[in-house]
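Chemist:
Protein chains: 2
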Amino acid sequence: MNIGQAAKATGISTKMIRYYESIGLVAAPHRTESGYRVYLDDDLHALRFINRARDLGFSVEQMRDLLTLWRDRDRASADVKAIARAHIAVLAEKARALAAMSETLQHLAETCHGDDRPSCPIIEKIAAAVPPSGRPANRPRFGIAQLH
Amino acid sequence: MNIGQAAKATGISTKMIRYYESIGLVAAPHRTESGYRVYLDDDLHALRFINRARDLGFSVEQMRDLLTLWRDRDRASADVKAIARAHIAVLAEKARALAAMSETLQHLAETCHGDDRPSCPIIEKIAAAVPPSGRPANRPRFGIAQLH
DNA sequence: GTACACCTTCCCATGATGGGAAGGTCAAGC
DNA sequence: GCTTGACCTTCCCATCATGGGAAGGTGTAC
């Protein structure tokens, strides 16, 4: 099975399959004489595992740990659960932060007429000539860019 | 006011202030004879505006638009509202996706004993020898990496 | 005058992903 | 056997917002 077919079969792009190989997340598959990668069932299983872990928002490094645990028949389920729990907390916090942004902006948008007139509570609130009082300057940032 | 003081006053790091200047998001401030940047009130207002927009998850390009609208006293509030609304939808969708991941994983974690034994529904579900039936191969990806 | 905190510019790294170039391979149809 | 087009290979570059750090200049307090 060629890399393109493996991509279709597992839902991971050829680009990413090669990338995962290059960083050692998956083992290098066999090659034909002419250098084409050949994927066997075991390779596909690993790629499908990765695809599902990715759908759950696990990072490459977490997937590396999970794959190791998956292959280790004697691992303690507690080890897996620990990774999962840490990840759940991070996911929930990111979700919360994004939802909070969305809601804040939603409230602002509701008070904006959204017509031809210039008066706009949204932009006024962002400009906020209002007291920058209670806001500690060096609180941890948690904008969009930090959410990955 | 030096860049370091401006950073403390606005909550944006010196690194980012220089970056925002380099991409033209904020105007280049005056300089002392020796080349130090000097920030005046107007500069600080713009930086504070940016900081608050950033807290609401706006991207640099959206902030660029918002700053233009902010400076334009005759803009229609509808223009601001349109940007906000588009952004709200994106934020809400990202929050939803992350919450869904979190919940899925939470359900799996609840069924995992988390003890010394190897049996672990979490990793078994990710490995999922179960039917890859209803899952279309090329649905849009929406993992962690896409959430920015 | 020395030490130290600050400033400057420049380059590099992040994480997961895609784009695209330049060139090789394979299979189908003629 | 030859052409065509779909595939494969490697390599480099871009994304987005942010930080790290080097090498060197400036400003201020003692």
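Protein sequence lines correspond, in order, to chains A and B.
Residue numbering for the first sequence follows UniProt numbering, beginning at 1 and increasing consecutively.
Residue numbering for the second sequence follows UniProt numbering, beginning at 1 and increasing consecutively.
The beta-carbon is built from N, C-alpha and C at its ideal position, and this holds for glycine as well.
Quick check: what's the CA-CA separation for B/R96 versus A/A95?
Modeler: Linking B/R96 to A/A95 through their CA atoms gives a straight-line distance of about 7 Å.
Chemist: List, in order along the chain, the chain A residues whose C-beta lies closer than 8 Å to that of B/A6?
Modeler: Near B/A6 there are no residues of chain A at all, since even the closest Cβ is about 11 Å away, more than 8 Å.
Chemist: At which residue ranges does the stretch 32 to 82 of chain B contain complete beta strand (DSSP E) runs of 3 or more residues, listed in the order of the chain?
Modeler: The qualifying runs do not exist here; there are none.
Chemist: Alpha carbon to alpha carbon, how far is A/R18 from A/D42? Give it in angstroms, no decimals.
Modeler: 16 Å
Chemist: Apply the 10 Å Cβ neighbour rule to A/L66 and answer buried if 16 or more other Cβ atoms are within range, or exposed otherwise.
Modeler: buried
Chemist: Could you give the distance in angstroms between the alpha-carbon of B/V26 and the alpha-carbon of A/E61?
Modeler: Their backbone Cα atoms lie some 37 Å apart in a straight line.
Chemist: Can you find a CB in chain B that lies within less than 8 Å of the CB of A/V130?
Modeler: Because the pLDDT of A/V130 is 49, which lies under 50, any placement of that residue in the model is unreliable, and the number read from its coordinates should be weighed accordingly. Not one chain B Cβ lies under 8 Å of A/V130.
Chemist: Since B/S102 meets chain A, which of its residues come closer than 7 Å, beta carbon to beta carbon?
Modeler: I88, L91, A92 and A95
Chemist: Which residue marks the beginning of the alpha helix (DSSP H) containing A/S22, and which one marks its end?
Modeler: T14 to S22
Chemist: Does DSSP classify B/G4 as helix, strand or coil?
Modeler: helix
Chemist: Three Cβ pairs or more, each shorter than 8 Å: is that satisfied between the stretch 106 to 126 of chain B and the stretch 73 to 93 of chain A?
Modeler: yes
Chemist: Would you kindly check if the distance between the Cβ of A/A92 and the Cβ of B/S102 is under 8 Å?
Modeler: Inclusion of B/S102 and A/A92 in the CB contact set at 8 Å is warranted, their separation being smaller than that value.
Chemist: Output yes or no for whether 8 Å exceeds the beta carbon distance between A/D115 and B/A28.
Modeler: At the C-beta level, A/D115 and B/A28 stay beyond 8 Å of one another.
Chemist: Tell me, please, whether the CB atom of A/R52 is closer than 8 Å to any CB atom in chain B?
Modeler: yes
Chemist: Measuring alpha carbon to alpha carbon, tell me which residue in A/S34, A/Y39 and A/G24 is nearest A/A6.
Modeler: A/Y39
Chemist: Which bits of chain A does B/R37 rub up against, with CB to CB less than 8 Å?
Modeler: Residues of chain A passing the Cβ test: none, with the nearest at roughly 19 Å.
Chemist: Answer yes or no: does any C-beta atom of chain B fall closer than 8 Å to that of A/L25?
Modeler: Not an interface residue.
Chemist: Let me make sure I understand the geometry here. Which of B/D55, B/A9, B/F49 and B/R31 has the alpha-carbon closest to that of B/T68?
Modeler: The residue with the shortest Cα to Cα distance from B/T68 is B/F49.
Chemist: To the nearest angstrom, how far is the alpha carbon of A/L56 from that of B/D74?
Modeler: 46 Å
Chemist: Taking all protein chains shown into account, do 16 or more other C-beta atoms lie within 10 angstroms of the C-beta of B/N51, making it buried, or fewer, making it exposed?
Modeler: buried
Chemist: Taking Cβ-Cβ distances shorter than 7 Å, what residues in chain A pair up with B/H30?
Modeler: Listed along chain A is no residue with a C-beta nearer than 7 Å to that of B/H30; the closest approach is about 22 Å.
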